[in-house]
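In full-length UniProt numbering, the protein residues as written are 1 to 247.
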């Protein structure tokens, strides 16, 4: 497949989970992929995997909160036409009394500021070309809340808000912005809570299973690809029916 030939995609948090699956998916369809992650070993592994599959990938080893580094990566790549704001950290099931300021600030720095920083880094070229696709990875917990880790739910709600506002702000420049709120996905992050916790959450949805990262990557590729050109300001929910909201 060649849906993304001639395009450069920046995927943040691409060292594992949904980010890695997305980077490899876009790379397999012709995109040149900037693989951003703070973990050098993971970045190297993903870049090597894309190149081994005859794709093109560029390493970007730094924090997603580093706007200057993001701008430099975009500049060196000659601009970015697709941005997947995926980087995140877990909330570690903290009730409100256990959320200290350092943990709160780190979570918002990565999820919220990182999303804003990456978007600002790629925006000049997108505006100049009057074309761009931006997708923010939110969460089902942003839609209905979460009895543990309220700071995580709030951060994911913020990136959803960004998508809706930016869809309006960037529309005159031909830039489409959407958000995606997965349900439970089997990744290294979710497995930090243990297999029992993963099974318990999977049992809450209607299809009684978790998703694999590659399933979510398929959705992402659709939204940022040529078939997603009539969609902006929307939230997509591959969540197995947990939750069902709206009308």
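Beta carbons are placed, not taken as given, at the ideal position from N, Cα and C, and that holds for glycine.
- Boundaries of the beta strand (DSSP E) around residue 37: 32 to 37.
- In this chain, residue 148 is not harboured by any beta strand (DSSP E), its DSSP state being neither H nor E.
- One thing to note: residue 232 has its Cβ within 8 Å of the Cβ of residue 167.
- Here DSSP, grouped into helix, strand and coil, assigns residue 223 to helix.
- Comparing alpha carbon positions, the residue from 36, 56, 238 closest to residue 220 is 238.
- Membership of residue 177 in the beta strand (DSSP E) is indicated by the continuous run 175 to 180.
- The three-state secondary structure of residue 244, taken from DSSP, is coil.
- Remark: C-beta atoms of residue 23 and residue 35 approach each other more closely than 8 Å.
- Within its own chain, the residues whose Cβ lies closer than 6 Å to the Cβ of residue 80, once the five positions on either side in sequence are excluded, are 8, 10, 74, 122, listed in chain order.
- Residue 141 is classed as buried because its beta carbon has at least 16 other beta carbons within 10 Å across all chains shown.
- By a beta-carbon distance limit of 8 Å, residue 30 contacts residue 2. Their separation comes to about 4 Å.
- Boundaries for residue 9: no alpha helix (DSSP H) harbours it, while the beta strand (DSSP E) harbouring it runs 8 to 11, taken from the DSSP string.
- Counting other Cβ atoms within 10 Å of its Cβ, residue 213 reaches 16 or more and is therefore classed as buried.
- Per DSSP, the continuous alpha helix (DSSP H) segment holding residue 120 begins and ends at 114 to 129.
- Taking every protein chain shown into account, the CB of residue 37 has 16 or more other CB atoms within 10 angstroms, so this residue is buried.
- Per DSSP, the unbroken alpha helix (DSSP H) holding residue 75 starts and ends at 67 to 76.
- Put simply, the stretch 104 to 124 touches the stretch 152 to 170. At least three CB pairs are less than 8 Å apart.
- DSSP, reduced to helix, strand and coil, places residue 59 within a strand of the structure shown.
- In the DSSP assignment, residue 132 falls within the unbroken beta strand (DSSP E) covering 132 to 137.
- Under a 10 Å Cβ-count criterion, residue 206 is classified as exposed, with fewer than 16 other Cβ atoms of the shown protein chains found around its own Cβ.
- Nearest Cα to residue 17 within the set 132, 201, 182, 225: 182.
- When 99, 124, 77 are compared, the shortest CA-CA separation from residue 175 is found for 124.
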